[in-house]
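Written out as structure tokens, the structure is:
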């Protein structure tokens, strides 16, 4: 029977004991106690060295220093309550946080406004221009330029007017020609239409007259037949009466 392989007891017991001791020391807030040398049952000494080194590293990381303890004490300590009812700080707090009022520093505002005021500039001297020979020549040149512009404008407008009138005359002539053509076409269309209407009316009349004549002839034939039959009946009746009375 082959048995199960047993684990090395030295590696397991030493590692677990060092870690648990370090955690307990950190939770209690005290420095960890120095480890007592543990005699391993195995021949290997490397496992003991590794467990000791690992425990030292864990302790150096987890255990706080003196400076860290002071800093933690400052952070964790609660501030003392400060009752300031009726003091100036209480009024300031009420105005700013409750009423949401704004601060207005009058003295600082006045100083700022005084610093922003600029010096007024001196009024400019009124300049009077005297009419000299140069100004007269400038006015004459302006008048001449104005006359030239007006003349060019009048010539241009007159030319435009003549061109527009000519084009309007051509348009009138074209429109009159088109109107005449349309009138002629309309009159021809009317004549053709009435001629077609007259032809249709004549055809209808002829057909109706033929029908009437046919009906008349048929009726006449019928009436003639009835007359002859009546005459024959009358003659036969007379003959029979003569025979009876004679």
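In our numbering, the protein residues as written are 435 to 680. Don't be surprised by glycine CBs; every beta carbon is placed ideally from N, CA and C.
Starting from residue i and walking both ways along the alpha helix (DSSP H), at which residues does that stretch end?
i, result
"residue 504", "500–510"
"residue 547", "540–550"
Which of the three DSSP states is assigned to residue i in this structure?
i, result
"residue 678", "helix"
"residue 537", "coil"
"residue 620", "helix"
"residue 497", "coil"
"residue 665", "helix"
"residue 467", "Low local confidence applies: a pLDDT of 45 at residue 467 is under 50, so the model's placement there is unreliable, with the coordinate-based value given in what follows. Coil."
"residue 596", "helix"
Could you tell me whether any Cβ in chain C is nearer than 8 Å to the Cβ of residue i?
i, result
"residue 535", "You won't find chain C in this structure, because it holds only one protein chain."
Can you say whether residue i is buried or exposed, counting buried as having 16 or more other CB atoms within 10 angstroms of its CB?
i, result
"residue 571", "exposed"
"residue 485", "buried"
"residue 596", "exposed"
"residue 489", "buried"
"residue 470", "The predicted position of residue 470 is uncertain, since its pLDDT is 44 and thus under 50; a value taken from the coordinates is nonetheless stated next. That one is exposed."
When you compare each of the options to residue i by their alpha carbons, which one comes out closest?
i, options, result
"residue 534", "541, 542, 525, 548", "525"
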